[in-house]
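Colleague: Be aware that the sequence shown starts at 1061, since it is given in my numbering, and climbs by one per residue.
Glycine included, each C-beta is placed from N, C-alpha and C at the ideal position.
Take a look at the following structure, please.
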Amino acid sequence: MVAAVVSLTLAGGAVAGAGPIGAPVLRAPVGGYQELVVPSGMGPIEVQVQWAARGGRSALYVLDGLRAPRDHSQWTSDTDVLRQFAGDNVTLVFPVGGHSSFYADWYRPSSTNGQVTPYKWETFLTGELPAFLARYGVSRTNNAIVGASMGGGAALTLAAHHRDQFKFAGSFSGFVNPTFPLWNEAVRAAMWDEGRFNVDDMWGPAGDPAWYRNDPTAQAELLRGLPMYVSAGNGLPGAPDVPYGFGNTVNAMTLESMAAAAAGIFRDRVASLGIPARVDIVSGTHTWPYWGQAIATARPMILDALGAH
1061 MVAAVVSLTL AGGAVAGAGP IGAPVLRAPV GGYQELVVPS GMGPIEVQVQ
1111 WAARGGRSAL YVLDGLRAPR DHSQWTSDTD VLRQFAGDNV TLVFPVGGHS
1161 SFYADWYRPS STNGQVTPYK WETFLTGELP AFLARYGVSR TNNAIVGASM
1211 GGGAALTLAA HHRDQFKFAG SFSGFVNPTF PLWNEAVRAA MWDEGRFNVD
1261 DMWGPAGDPA WYRNDPTAQA ELLRGLPMYV SAGNGLPGAP DVPYGFGNTV
1311 NAMTLESMAA AAAGIFRDRV ASLGIPARVD IVSGTHTWPY WGQAIATARP
1361 MILDALGAH
């Protein structure tokens, strides 16, 4: 039997413990989370979990951005999402890692940075992780999935191809149309800059079927009937940008302008197909405070879709 390594993180420190899968779930207090180490084909994956407030079975998977750290989810450090959902009857699931992965199953390991094991994040998020969480009473079929930046497009893609698992999907400043002309080169440049990853090892060259499979706009028909929230900023900075400095803000303005364009393309595509989706273009840049605001906006929609009030 595989053991789950669990540590309980509190404001006053950490208490470690371990128990077999299937043991009673430990409940994290308000603002806290547990760290699970989940076996996968990529090796052990850390997952931060805030359990449902009243033992509910539904779950919200929350995906990081391109710079996903190795030791924690930026959602838990850079937003107040734990507090937002602390009283809700839904388990929050924060996979740790996935740096420059687009949370996809790659063709092969990246050939430009010495990666040994290929990313298989779709397999993990839709197979290995839900099977692991099921032993703790979490449903495999009543889940929602959202993400920021890199994780936004991935959230819609995973929901499109796994409708039996996900009942809601949300993208916050996601690049939801990567097959748009030359945007594959923008993805290439971003992944090279962030870890020297080779996009050809992920989805092949431009035009490869994997690009279209991982493009939510191209796969829009598969999203029909799924409650969705897509948001992006207009690229104009505001008070939340001040702590990040001028250089970071300029970069965040540029990235968000691209995300807004992609959101507009997605909005027009689903509208042409008669597929309902809420798409908001709001004030802001490609920065964590705005994504904290976006998930707050999405929260009532998520709870409604999951019946998790």
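1) Do the stretch 1116–1132 and the stretch 1206–1214 meet, that is, are 3 or more Cβ pairs less than 8 Å apart?
2) Just the C-alpha distance for Asp1268 and Pro1241, rounded to the nearest angstrom, thanks.
3) Smallest Cα separation from Pro1300: which of Ala1292, Thr1309, Asn1294?
4) Rounded to whole angstroms, what is the Cα-Cα separation between Leu1010 and Ser1332?
5) Which value, in whole angstroms, describes the spacing of the CA atoms of Ala1320 and Thr1172?
6) Which whole runs of the beta strand (DSSP E) in the stretch 1209–1243 are 3 residues long or more, in chain order?
7) On a CA-only basis, which of His1221, Tyr1289, Ser1133, Trp1111 is nearest Ala1356? Give me that one, please.
8) Just tell me which of Asp1275, Ser1118, Ala1214, Pro1297 has its CA closest to the CA of Ile1362.
9) Between which residues of its own chain and Gln1175 is the CB-CB distance below 7 Å, once the five residues before and five after are set aside?
10) To the nearest angstrom, how far is the alpha carbon of Thr1277 from that of Arg1248?
11) Along the chain, where does the alpha helix (DSSP H) that runs through Gln1108 open and close?
12) Here's the rule: buried if 16 or more other CB atoms are within 10 angstroms of the residue's CB, otherwise exposed. What is Pro1129?
13) Report the residue from Phe1192, Tyr1272, Val1150, Asp1140 whose alpha carbon sits nearest the alpha carbon of Ala1214.
14) In the DSSP output, which residue or residues are listed as bridge partners for Ile1370?
15) Beta carbon of Met1313, beta carbon of Gly1295: below 7 Å?
16) From what residue to what residue does the alpha helix (DSSP H) around Thr1314 run?
17) Which residue comes first and which comes last in the alpha helix (DSSP H) that contains Ala1358?
18) Shortest alpha-carbon distance to Ala1113 belongs to which of Leu1142, Leu1189, Gly1334, Val1098?
19) Do Asn1237 and Ala1322 have their C-beta atoms within less than 7 Å of each other?
20) For Gly1079, which residues in the same chain have their Cβ closer than 6 Å to its Cβ, ignoring the five residues on either side in sequence?
21) Which of the three DSSP states, helix, strand or coil, is assigned to Tyr1272?
22) Taking only runs of the alpha helix (DSSP H) that begin and end inside the stretch 1099–1167, which ones reach a length of at least 4 residues, in chain order?
23) At the level of alpha carbons, what is the spacing between Leu1283 and Gln1110?
24) For Asp1261, report the span of its alpha helix (DSSP H) as first-last.
25) How long is the line joining the alpha carbons of Gly1307 and Gly1115, rounded to whole angstroms?
26) State the Cα-Cα distance for the pair Thr1345 and Ser1291, rounded to the nearest angstrom.
27) Helix, strand or coil for Leu1283? Go by DSSP, reduced to three states.
28) Terminal residues of the continuous alpha helix (DSSP H) containing Ala1194?
29) Let me know the secondary structure DSSP gives Glu1182 once reduced to three states.
Modeller: Put simply:
1) yes
2) Here residue 1268 corresponds to residue number 208 of the sequence shown, with the count starting at 1. Here residue 1241 corresponds to residue number 181 of the sequence shown, with the count starting at 1. Straight-line measurement puts the Cα of Pro1241 at about 13 Å from the Cα of Asp1268.
3) Along the sequence shown, one-based indexing puts residue 1300 at 240. Closest by alpha carbon: Thr1309.
4) Lying before the first or after the last residue shown, residue 1010 is absent from the chain, which here runs from 1061 to 1369.
5) Working through the sequence shown from its first residue, we reach residue 1320 at position 260. Working through the sequence shown from its first residue, we reach residue 1172 at position 112. Their backbone Cα atoms lie some 31 Å apart in a straight line.
6) 1226–1232
7) Taking the first residue of the sequence shown as 1, we reach residue 1356 at position 296. It is Tyr1289.
8) On the sequence shown, residue 1362 is found 302 positions in, with the first residue counted as 1. Nearest of Asp1275, Ser1118, Ala1214, Pro1297 to Ile1362, Cα basis: Ser1118.
9) Numbered from 1 along the sequence shown, position 115 holds the residue referred to as residue 1175. So the qualifying residues of the chain are Pro1169.
10) To locate residue 1277, count along the sequence shown from 1; it is residue 217. To locate residue 1248, count along the sequence shown from 1; it is residue 188. Looking at the two C-alpha atoms, the distance is approximately 19 Å.
11) For the purposes of this step, residue 1108 is identified with residue 48 of the sequence shown, where counting begins at 1. Segment 1105–1110 is the beta strand (DSSP E) holding Gln1108; no alpha helix (DSSP H) there.
12) Position 69 of the sequence shown, counting from 1, holds the residue named residue 1129. By the 10 Å Cβ count, Pro1129 comes out exposed.
13) Translated into the one-based positions of the sequence shown, residue 1214 becomes position 154. Ala1214 has its Cα closest to that of Tyr1272, out of Phe1192, Tyr1272, Val1150, Asp1140.
14) Past the boundaries of the shown model lies residue 1370; the chain is included only from 1061 to 1369, so the question cannot be answered.
15) Locating residue 1313 in the sequence shown gives position 253, counting from the first residue. Locating residue 1295 in the sequence shown gives position 235, counting from the first residue. A contact, by the Cβ cut-off of 7 Å.
16) As a working note, residue 1314 is residue 254 in the sequence shown. Looking at the DSSP string, the run of the alpha helix (DSSP H) that includes Thr1314 is 1305–1333.
17) Here residue 1358 refers to the residue found at position 298 of the sequence shown. Following the DSSP letters along the chain, one finds Ala1358 inside the alpha helix (DSSP H) bounded by residues 1348–1366.
18) The residue labelled residue 1113 in the question sits at position 53 within the sequence shown. Of the candidates Leu1142, Leu1189, Gly1334, Val1098, the one whose C-alpha sits nearest the C-alpha of Ala1113 is Leu1142.
19) Numbered from its first residue, the sequence shown carries residue 1237 at position 177. Numbered from its first residue, the sequence shown carries residue 1322 at position 262. With respect to the 7 Å criterion, Asn1237 and Ala1322 are classified as neighbours on the basis of their beta carbons.
20) For the purposes of this step, residue 1079 is taken as residue 19 along the sequence shown, with counting starting at 1. Low per-residue confidence applies at Gly1079: pLDDT is 39, beneath 50, and the placement is therefore not dependable enough to give any value.
21) For the purposes of this step, residue 1272 is taken as residue 212 along the sequence shown, with counting starting at 1. In the structure shown, Tyr1272 sits in a helix (DSSP, three-state: H, G or I).
22) 1134–1138, 1141–1144
23) Against the sequence shown, residue 1283 aligns to sequence position 223. Against the sequence shown, residue 1110 aligns to sequence position 50. Take the alpha-carbon of Leu1283 and the one of Gln1110: they are about 28 Å apart.
24) In the sequence shown, the residue the question calls residue 1261 occupies position 201. Segment 1259–1263, the alpha helix (DSSP H) holding Asp1261.
25) Looking up residue 1307 in the sequence shown gives position 247. Looking up residue 1115 in the sequence shown gives position 55. Going from the Cα of Gly1307 to the Cα of Gly1115 covers about 45 Å.
26) As a first step, residue 1345 is located in the sequence shown; it is residue number 285 there, counting from the start. As a first step, residue 1291 is located in the sequence shown; it is residue number 231 there, counting from the start. Each residue's alpha carbon lies about 11 Å from the other.
27) To locate residue 1283, count along the sequence shown from 1; it is residue 223. Note: Leu1283 maps to helix in three-state DSSP.
28) Counting from 1 along the sequence shown, the entry for residue 1194 is found at position 134. The continuous alpha helix (DSSP H) containing Ala1194 extends over residues 1189–1194.
29) Looking up residue 1182 in the sequence shown gives position 122. Helix, per DSSP.
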